[in-house]
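In what follows, a single structure is set out as structure tokens and then discussed.
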Ligand code: CMC
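Numbering (this note's numbering), first residue to last: 41 to 473.
Rendered as structure tokens:
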């Protein structure tokens with residue numbers, strides 16, 4: 041954890057003022073200057089829209105080395121987890137900090153599995169949405185509404201209630217996402233099957249129909265499980281910071297996760313997987329790539345290469361590497377050869393990685409570049425891509441939320457501003473304007 045003794049300082053000079061500010065040392069990553077006393081003692085604010093140089097909290101959960109292209113959950117590299125672990129074990133690791141013993145794993149799986157059903161009345165809530173609602177819109181609403189159905193787990197000051205809320209969210213979000221999908225395609229809701237694993241159960245709830253048996257393919261369920269592991273947490277990204285900010289006021293966990301889902305929806309964040317696949321389809325054929333790359337480099341066009349670039353990774357996103365391998369495996373299994381979208385993706389990646397614009401700006405493919413190809417091959421419409429991201433990220437959000445609530449230094453989030461509006465002026469009556 042941080043160097044709480046503050047043995048080193050950084051000196052800040054401005055005007056005739058000189059302030060010694062404590063330095064904090066992380067276990068990994070750059071040193072941090074503690075500016076908490078800056079306004080009280082120096083009378084100035086710092087300006088950092090988008091938090092590009094600001095650590096908003098201490099955290100022990102996830103670490104990204106953007107230059108090395110490394111992602112660690114509780115210290116474990118994502119590549120090792122993607123190969124050897126499974127999603128519920130990763131959930132345990134993120135929530136509790138250590139890999140579980142066999143007994144702890146069994147107990148955790150039992151607890152999650154027992155909470156997969158939704159209160160029956162929630163069905164009626166679903167039916168209030170327009171038939172063509174985007175599943176993310178439905179998810180924001182239904183997850184937020186959980187606080188209206190589960191009053192016994194909304195007291196954030198009770199550790200037991202916090203724990204139950206965490207388990208409920210991890211267990212129920214796949215059911216909510218699957219039902220949002222079923223509702224949008226006009227099919228009956230499929231109840232969870234607790235004999236299936238987490239990813240398999242989700243696929244079953246999405247693709248089974250009462251009229252016939254649906255057998256989950258273990259390779260597809262493993263690919264889904266891997267997508268979930270790769271998206272499970274990503275330190276203080278926009279949606280996680282939203283969850284923390286919402287939670288900092290004392291709001292209940294269901295409301296906070298609904299806020300995270302709303303933030304995730306944007307195309308610069310979780311919505312990029314849908315946008316990336318739609319863009320690949322729009323390009324359509326390999327010969328149209330150069331024209332498209334020209335547009336992506338021209339700021340006035342308003343076009344960005346979706347699935348490329350990242351605030352923190354200035355090297356290949358390690359999740360994209362695993363995702364690319366998974367995409368090959370899934371397409372092979374499904375016998376999808378010469379998939380035009382995949383061909384465009386591979387060629388676009390090759391050209392972009394050699395192009396001076398993308399190279400100098402260190403724009404590499406991110407996790408969303410390949411995930412859409414796998415999800416499409418599995419039979420999901422693009423509108424379900426971001427809900428699947430939301431299912432996967434729920435454990436990260438709730439782990440970060442729990443960490444924040446238990447942090448004694450936690451305060452309500454309340455950024456300051458650089459005000460550039462009108463100075464004080466007097467009201468003018470309507471007939472004098
Ligand atoms: N295509 C073309 N140019 C780009 C792209 C892109 N995808 N991304 C960044 N740039 C350029 C940008 O125009 C800017 O150029 P300049 O320095 O000349 O002004 C420079 O690269 C830096 O971009 P930025 O917007 O200041 O960087 P950021 O850290 O604020 O944005 C990002 C990061 C992920 C929002 C951005 O790269 C982007 O919009 N990518 C496309 C959307 C995407 O794939 N998002 C998924 C992110 S990973 C999953 C997740 O976090 O949810």
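Just so you know, even glycine gets a beta-carbon here, dropped at the ideal spot from N, CA and C.
- Closest in alpha carbon position to residue 269, among 323, 328, 433, is 433.
- In its chain, beyond the 5 residues on either side, 312, 347, 348, 349, 350, 353, 357, 359, 360 have a beta carbon closer than 8 Å to the beta carbon of residue 406.
- Relative to the ligand CMC, residue 88 has its C-beta separated by 7 Å or more from all heavy atoms.
- In this structure, residue 234 has its beta carbon at no less than 7 Å from each heavy atom of the ligand CMC.
- At a Cβ-Cβ threshold of 8 Å, residue 61 and residue 49 count as neighbours.
- Distance from residue 326 to residue 384 at the Cβ level is roughly 6 Å; contact confirmed, criterion being Cβ atoms closer than 8 Å.
- Separation of residue 376 and residue 417 (C-alpha to C-alpha, rounded to the nearest whole angstrom) is 8 Å.
- Non-local C-beta neighbours of residue 114 in its own chain, meaning closer than 6 Å and more than five positions away in sequence, comprise 133, 137, ordered along the chain.
- By the Cβ criterion, the stretch 259-269 is in contact with the stretch 418-430, since at least three pairs of Cβ atoms, one from each stretch, lie closer than 8 Å.
- DSSP links residue 51 through a beta bridge to 60.
- Here residue 458 has 87 as same chain residues with Cβ atoms under 6 Å from its own Cβ, once five neighbours each way along the sequence are excluded.
- Residue state for residue 325 is assigned as coil, using DSSP reduced to three classes.
- Residue 146 and residue 370 have their C-alpha atoms roughly 29 Å apart.
- The beta carbons of residue 279 and residue 303 sit closer together than 8 Å.
- The straight-line gap separating the alpha-carbon atoms of residue 408 and residue 232 is approximately 27 Å.
- Taking one beta carbon from each stretch, the stretch 317-336 and the stretch 380-397 have 3 or more pairs nearer than 8 Å; the two touch.
- If you check the C-beta of residue 350 against the ligand CMC, you find a heavy atom less than 7 Å away.
- No Cβ-Cβ contact shorter than 8 Å links residue 209 with residue 445.
- DSSP lists 252 as the bridge partner or partners of residue 249.
- Counting every other CB atom within 10 Å of its CB across the protein chains shown gives residue 182 a total of 16 or more, marking it as buried.
- Following the DSSP letters along the chain, one finds residue 265 inside the alpha helix (DSSP H) bounded by residues 258-271.
- Look at residue 73 here: in three-state DSSP terms it is strand.
- Annotation for residue 104: the continuous beta strand (DSSP E) segment containing it runs 102-105.
- If you draw a straight line from the Cα of residue 415 to the Cα of residue 193, it is about 33 Å long.
- DSSP places residue 403 outside any alpha helix (DSSP H), giving it a letter other than H or E.
- Judged by DSSP secondary structure, residue 231 falls outside any beta strand (DSSP E); it is assigned neither H nor E.
- For the 8 Å CB-CB criterion, residue 162 and residue 127 do not form a contact.
- Exclusion of residue 462 from the 7 Å shell around the ligand CMC follows from its C-beta lying no nearer than that to any non-hydrogen atom of the ligand.
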